[in-house]
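According to the working numbering, the residues represented by the sequence shown are 9 to 159, in order. Cβ atoms here follow ideal geometry from the backbone N, Cα and C, with glycine treated the same way.
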Amino acid sequence: MLMLVGTAAFASPSKAEGPEKKPVKLGVATSGPETVKAAAKDENLPPMLTDKTNGLNPELLKRFDAFRTYMYQKHGVTLEINSGYRSTEKQAYLYRTMPRGMASAPGTSLHEKGEAIDYRPASPTYNQDLAKFGLKIPYPGVENWHVERTN
Ligand SMILES: [Zn+2]
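Right, dumping it as structure tokens:
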């Protein structure tokens with residue numbers, strides 16, 4: 009349910025005021041069954057753009073960025089991308105070297121299309137929050153860190 013979304017400012021008005029107030033730049037998750045405005049950009053949140061974001065679908069990256077900002081401001085969690093786009097060679101290496109079931113066979117992973125993000129720290133309890141940004145954990149309980157677009 010989305011009943012609590014956007015109510016934080018009303019629940020704790022004293023926290024909404026303060027010296028850290030700055031111009032608000034909103035990001036918006038553009039699709040998904042339930043979309044919400046992303047929290048305002050926060051200068052305390054380390055930037056997400058690293059070498060791990062290279063090759064990722066821009067829409068996936070945009071949604072994850074909005075989710076990440078939301079999680080930082082709502083729950084105080086700093087998420088980082090652990091793995092994004094992978095070449096087929098890299099996927100083949102992981103498939104060979106990781107425990108069975110932990111990496112898809114080369115040629116079958118959405119990571120090879122830039123359509124999947126592995127992030128940390130992950131939790132199955134994030135699934136509802138991910139859904140607000142058009143994201144999902146396709147293998148909950150198995151790979152809680154693996155995120156894809158819902159559409
Ligand atoms: Zn993954």
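A Cβ-Cβ contact shorter than 8 Å links L143 with F75. Counting C-beta atoms within 10 angstroms of its own C-beta, A111 has 16 or more neighbours from the protein chains shown and is therefore classed as buried.
Here the alpha carbons of G63 and L87 stand approximately 19 Å from one another. Looking only at V150, P66 and Q136, the smallest Cα-Cα distance to K121 is reached by P66.
Judged by DSSP secondary structure, Y78 falls within the alpha helix (DSSP H) whose first and last residues are P66 to H83.
Rounded to the nearest angstrom, the gap between the Cα atoms of E156 and P54 is 22 Å. Taking every protein chain shown into account, the CB of M106 has fewer than 16 other CB atoms within 10 angstroms, so this residue is exposed. In the three-state reduction of the DSSP assignment, Y103 falls in the helix class, which pools H, G and I. A distance criterion of 7 Å places the beta-carbon of S95 beyond contact range of ligand 1, judged by its closest non-hydrogen atom. When distances are taken from the beta-carbon of E51 to the heavy atoms of ligand 1, even the shortest one reaches 7 Å or more.
Exposed is the label assigned to K82, since fewer than 16 other Cβ atoms lie within 10 Å of its Cβ. For E151, the Cβ falls inside the 7 Å cut-off from some heavy atom of ligand 1. Beta bridge pairing from DSSP links E51 with no other residue.
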